[in-house]
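Engineer: One structure, as structure tokens, below. Some questions next.
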Amino acid sequence: MPDIPSICCYCGCGCGLYLHVEHGRVTGVSPSRSHPVSRNNLCVKGWHVHEYIHHSDRLTRPLIRQHDRLRPASWDDALDLIAEKLTAVKEQYGSDRIGVLSSAKCSNEENYLLQKFTRISLGTNNIDHCARL
Amino acid sequence: MIETQTLHKDYLRPLLRKLGKQYRLVGPVRNRFGDTLYIEITDLDRVDIDLKHQPQNSLKSFFFPQTEPLASYIVDTEPLSPTQLYSFHPLLPENRPTLYFGVRSCDLFAVLYMDMIFLGGKHRDIYYEQRRRGAVFITLGCNEPFANCFCNATRNGPFLEFGFDLQLTDLGPARNSYFVEAGKANGVKIVRKWARFFTVSTKEDRRFQYQAALEARGLFKQLVHVDLACQELEKGCEPEDVLTDFSQRCQDCGGCAFICPTCTCFSITDQARDQGSGERIRSWDGCTFAGFTRMAGGHNPIDMRRHRIRKRFFHKLKHDVQKHGRPSCVGCGRCVDMCFGGVDIIRFINAITEAGDLGRGKKRGV
Amino acid sequence: MAGLATTFGSGAMTNTINELEEAQVILVSGSNTTVTHPQVARRIFDAVDRGAKLIVIDPRKTKIARHAHIHLQIRPGTDIPLLNAIMRCILDENLIDDLFIEMRTENYLAMCDLLLRVDLNQAAEITGVAADDIAQAARMYARAQRSTICYCLGVTQHTCGTANVKSYANLAMLTGHVEQEFTGVDPLRGQYNVQGACDMGALPGGFPGYQAVADPENRKKFEEAWGCTLPENPGLTVIEMTHGGPDEKRLQAMFIMGENPMLSDPVLDRVRTSLQGLDFLVVSDIFLTETAELADVVLPAACFAEKTGTVTNSERRVQLSHKAVDPPGEARADGWIIQEISTRMGYPMQYESPREIMEEICLLTPIYGGIYHDRLHASWGLQWPCLDRNHPGTPFLHKYNFTRGFGRFEPEQHVPPVEPADNEFPFVLITGRRYHQYHTGTMTRRSVTLTRERDTSLLDMHPEDAKELGLADGCRIRVRSRRGSVPFTLHLSTQMDRGELFSDFHFHESPTNILTLADSDPEAKCPEYKCCAVAVEVDHD
């Protein structure tokens, strides 16, 4: 039963916590006493951070809209379609007609990659996230 | 039984290595962030076993995890009867004989309390039993109680008289060894089987052990009148002011119940995997949550503004005394360290025994 | 953020959360701290337990306000007149820090000029706070050696949000309560990695580390590093994207990673129209959100426990979060998804690990210059600016001088709310979060315990108002604004003053943001979430 150090995924306090893993599932959390913010404490959301991870509503396959319904598809089909469509919009209407929303729920590395992708591959500065909301 | 022994500190790790072949090892380990936690030790050479600090978790989650699947179910397509629409298959955890070492008195005592709750009644809890069966405890008496400890007041520490397989007492730097008492058959077996690591204690050792136990009792930083509080509550004391003040301060995190080694409330939910199947999950719950007592129609018999934590403290200090003859607080002080609202059991006890530092009092640091 | 950036030169929390404990006076504004930032509230309670004084500025009697020594229960949207009045009192009683003003700031005369024209009685009238209370708060804040200000979205989510923030900065500079340990101006960030997303340049106007896109030097630097040419024209902000243009549509395609504008953005009808009007919409998320339902392609992403990466909290602390379990099914981390698409579009990205990406960030982002993964492995993070491998990180900002050189006073005047209450819409609606739920509820509503604790959208109303309208606690009601109507369950609460209402926005059954205003702050583009006019009626559906 290893304890994996992690950061609570909710508010901006950034509490340090340990995720308890058993048989490939997160079964619980405990706060870190040495963490400068949490100091052995979590709020109600932090104590239950593991509860949604294995929820049955989780998306497990890419979905592509066909005849107005989202249907399961392979990664290759989904990624190829995205690349093709975005390239088409870029060529037909110009880069500034594409918009990208990044996420405060993703890591720094992912945010960095997404803005890099937006500015280079899409060729636009239309990238923002929910800081204002 | 068996004569008391001493174990040279140098031999602790070799002994654990031998025992690790027979048992899964769980003990207090200081991790790279400086936190000490009881964890499962898979590689004895790569962990920093920490017998100096109080582990911040208790053993509770090893026997009673925060979430655990009890059964899987499928929706029967051809039900046997109109009332039986589901088939359940129990999901029992595996039984792994485990050696818990470096366990503090409060934490072992809390396991004994959980035994009473999960195994003591008419119905035995098979999930708990499965994890509990074959567990061996090597405890470590506390020569120096930690900042928020008061196990002397709850009468289950700093040294134990029963319940352990082996109890170690640090005899100090001069002697560099542990005094070893065997309390149960498994402890005797360990001492007999690995006799080469142990030495029969001398009179001098016993004198040192007694002195350590004596000194430890004088080193508690908290003066908490648990007995007096139990008596007051038994007499029918209803400390309205304290409870109202606490309810206003309580942040509703549930942390006190989760970190408490003897809080055993749980709730059971069925969580669908897909339309035809799912799992029945048991998870920790806390009586301080509004949803714990809220009824289907929305009515809540507990007035949350005034009595959010009444149930918790009364359960620990009144109802369990009536039922089991002693409070179920083991004085580990974890909830005192955790709660930032200052809604902790020491403050509660002080408030009803001496009307002490109620309200905006001083903060007890770690 | 824009407000602090103009006055101090950097738009982040000036101190660490822990420093709050040592403050003598804490001024909390527009933050329901116990609900939205429990750990900050913990520090405040600790400080108060030790004898610190607490001033709360909030239209609601929140839990933290109940513990305050002075609660200035202002009318929504009247921060600026209140602060100007506080500063006038400080000036009148000569509690200003002359030396600090002289050594570290500029534009003081303009500030003084404005303050000398402030009429205290008029301010009391506008804000609804007694002049005596204002004066008392002013003395309390100014006289202490170590006073600190915490504010949250109650300050920024107004059309005058930036001006509000500047006013708080003015107050701190006037009294010299900044640039030291235990004292400063701390905006509390509401989300997991919202600070990091800003730092990493997920902003229309900035490369990573707030290096302006408009500056040709910066563009040249990144063009050389990335081997490409970069666009010059400034990008669109969230609201500009999700609301479309005034008459024609602005965008043809969108890529949305882990956001749910279909619940979080104001005037949801407009969001829906513009998202549906797109030729192509890609959403990557962990659940099928309201936004994902409109997408042409939905990608299954990994959640925080299923990937390794760094996140930055409200106090600029960059921390490493480790992968604990595998993602379910075929779900993949967003980092992998972006690299695959970029490679397919002709710009190959092949990072072997987040560690490698971070090394590139260190190279190009001065404030993250020394934040390598290996340094974070055995610690709970480093606080930026951290310039190189040996730099210990920076717990509090603006030591010796402000990031921009001199702190600049920015005098501000009262801006009345865009949509005041009137006869047709007699109530003012404030929106915010509840304790047990988080943002659009995508995650928290799938947590059984949190959902059990709260699973309905409530509208808080003063009991006297409810009595007048003949409404009982728990009844179904409908709230109407000029933009639409939303059903709620009524909750009687004395937290609000009469004439004011509060609701959350976590629940898709009660999409509060149908009601809210599209008007946003001209600089920061924060929408006016905290103030719109509504009417309440019984729901007959």
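Chains as they are written, first to last, in this note's numbering: chain Y, 29 to 161; chain Z, 1052 to 1417; chain A, 2 to 542. From the three backbone atoms N, C-alpha and C, an ideal C-beta is built for every residue, glycine too.
Please name the residue, chosen from Z:L1070, Z:S1109, Z:T1093, Z:L1102, that lies closest to G1384 of chain Z on a Cα-to-Cα basis.
Structural biologist: Nearest C-alpha to G1384 of chain Z: Z:S1109.
Engineer: If you measure from the beta carbon of W103 of chain Y to each beta carbon in chain Z, is any gap under 9 Å?
Structural biologist: No, W103 of chain Y does not count as interfacial toward chain Z.
Engineer: Using a cut-off of 9 Å between C-beta atoms, extract the partners of V449 of chain A located in chain D.
Structural biologist: Among the chains of the structure shown, chain D does not appear; the protein chains present are Y, Z and A.
Engineer: Considering only residues of the region 1177-1228 of chain Z, which uninterrupted beta strand (DSSP E) runs meet the minimum length of 3 residues and lie entirely inside it, listed in chain order?
Structural biologist: The region 1177-1228 of chain Z contains these whole beta strand (DSSP E) runs: 1187-1191, 1217-1221.
Engineer: Does the Cβ of G52 of chain Y have 16 or more other Cβ atoms within 10 Å, making it buried, or fewer, making it exposed?
Structural biologist: The residue is exposed, with fewer than 16 neighbouring Cβ atoms inside 10 Å.
Engineer: Assuming T481 of chain A contacts E538 of chain A (C-beta within less than 8 Å), just tell me the rounded distance between them.
Structural biologist: Reading off the sequence shown, one finds Arg at residue 481 of chain A, where the question assumed Thr. About 7 Å; that satisfies the 8 Å criterion.
Engineer: Short of 6 Å in beta carbon distance, which residues of its chain neighbour R1183 of chain Z, apart from the five on each side in sequence? Order them along the chain.
Structural biologist: Closer than 6 Å at the Cβ level, and outside the excluded window around R1183 of chain Z, lie F1114.
Engineer: Work out the CA separation of H437 of chain A and R1345 of chain Z for me, nearest whole Å.
Structural biologist: Approximately 16 Å, taken between the alpha carbons.
Engineer: Following the continuous alpha helix (DSSP H) through V214 of chain A, name the residue where it begins and the one where it ends.
Structural biologist: From DSSP, V214 of chain A is part of no alpha helix (DSSP H); its letter is neither H nor E.
Engineer: Tell me, please, which residues DSSP counts as bridged to Q340 of chain A.
Structural biologist: Looking at the DSSP assignment, Q340 of chain A forms no beta bridge with any residue, so it has no partner.
Engineer: Quick one: what does DSSP say C229 of chain A is sitting in, helix, strand or coil?
Structural biologist: Coil, per DSSP.
Engineer: Can at least three beta-carbon pairs, one atom from the region 125-135 of chain Y and one from the region 95-108 of chain Y, be found at a separation below 8 Å?
Structural biologist: As far as the Cβ criterion goes, the region 125-135 of chain Y does not touch the region 95-108 of chain Y, which means the pair count is below three.
Engineer: Select from Y:N154, Y:A159, Y:H83 the residue whose C-alpha is nearest the C-alpha of A254 of chain A.
Structural biologist: Comparing Cα-Cα distances from A254 of chain A to each of Y:N154, Y:A159, Y:H83, the minimum goes to Y:N154.
Engineer: Which word fits N95 of chain A, buried or exposed, when buried means at least 16 other C-beta atoms lie within 10 angstroms of its C-beta?
Structural biologist: Under this definition N95 of chain A is an exposed residue.
Engineer: Report all residues from its chain with a CB closer than 8 Å to the CB of R167 of chain Y; omit the five preceding and five following residues, and keep chain order.
Structural biologist: This structure gives no information on residue 167 of chain Y, because the portion of chain Y shown stretches from 29 to 161.
Engineer: Exposed or buried, which one is V195 of chain A when buried takes at least 16 other CB atoms within 10 Å?
Structural biologist: Answer is buried; the Cβ neighbour count reaches 16.
Engineer: So, is I1319 of chain Z buried or exposed, given that buried needs 16 or more other C-beta atoms within 10 angstroms?
Structural biologist: Exposed, since its Cβ has fewer than 16 Cβ neighbours within 10 Å.
Engineer: Assign G1306 of chain Z to one of two classes, buried (16 or more other C-beta atoms within 10 Å of its C-beta) or exposed (fewer than that).
Structural biologist: Buried.
Engineer: For the 8 Å Cβ check, are there 3 or more pairs between the region 280-287 of chain A and the region 106-117 of chain Y?
Structural biologist: They touch, by the three-pair rule.
Engineer: If we count Cβ pairs, one from each stretch, closer than 8 Å, do we get three or more for the region 234-246 of chain A versus the region 85-99 of chain Y?
Structural biologist: The answer is no - the region 85-99 of chain Y does not touch the region 234-246 of chain A, with fewer than three Cβ pairs under 8 Å.
Engineer: Alpha carbon to alpha carbon, how far is L300 of chain A from M258 of chain A? Give it in angstroms, no decimals.
Structural biologist: The alpha-carbon atoms of M258 of chain A and L300 of chain A are separated by roughly 9 Å.
Engineer: Within the 9 Å Cβ cut-off, does T513 of chain A reach chain Y?
Structural biologist: Output row for T513 of chain A: interface = no.
Engineer: Thinking I1396 of chain Z and F1364 of chain Z are a contact (beta carbons under 8 Å), I'd like their distance in whole angstroms, please.
Structural biologist: Contact holds; Cβ gap of about 6 Å.
Engineer: For chain Z, find out if any of its Cβ atoms is closer than 9 Å to the Cβ of Y352 of chain A; answer yes or no.
Structural biologist: By this cut-off, Y352 of chain A is not an interface position.
Engineer: Report the three-state DSSP secondary structure of R446 of chain A (helix, strand or coil).
Structural biologist: DSSP places R446 of chain A in helix when its eight states are reduced to three.
Engineer: Against P33 of chain Y, what residues of chain A qualify as contacts under a CB-to-CB distance less than 7 Å, listed in chain order?
Structural biologist: What P33 of chain Y touches in chain A: H323.
Engineer: Take G177 of chain A as the anchor and find which of A:D505, A:F9, A:I478, A:M497 has the nearest alpha-carbon.
Structural biologist: Selected option, being the one with the closest Cα: A:F9.
Engineer: By DSSP's criteria, G56 of chain Y is part of a beta bridge. Which residues make up the other side?
Structural biologist: Y:H48, per the DSSP bridge assignment.
Engineer: I want to see whether chain Y comes within less than 9 Å of F410 of chain A, judged by CB atoms only; does it?
Structural biologist: No - not a single Cβ of chain Y is within 9 Å of the one on F410 of chain A.
Engineer: Can you confirm whether S343 of chain A, when its beta carbon is compared against all beta carbons of chain Y, has any partner nearer than 9 Å?
Structural biologist: Closer than 9 Å: yes.
Engineer: Which residue from A:T157, A:D286, A:F305 puts its Cα closest to that of V298 of chain A?
Structural biologist: With distances taken between Cα atoms, V298 of chain A lies closest to A:D286.
Engineer: Assuming I240 of chain A contacts K526 of chain A under a Cβ cut-off of 8 Å, what Cβ separation, rounded to an integer in Å, is found between them?
Structural biologist: Correct: roughly 6 Å between the Cβ atoms.
Engineer: Along chain Z, which residues have their Cβ under 7 Å away from the Cβ of R453 of chain A?
Structural biologist: Under the 7 Å cutoff, chain Z gives G1342.
Engineer: Leaving out five residues before and five after G245 of chain A in sequence, what residues of the same chain have Cβ atoms less than 6 Å from its Cβ?
Structural biologist: R251, S275.
Engineer: Given that a residue counts as buried once 16 or more other Cβ atoms are within 10 Å of its Cβ, and exposed if not, what is V1231 of chain Z?
Structural biologist: Classification for V1231 of chain Z: buried.
Engineer: Does any CB atom of chain Z fall closer than 9 Å to the CB of Y38 of chain Y?
Structural biologist: It does not; no Cβ of chain Z falls within 9 Å.
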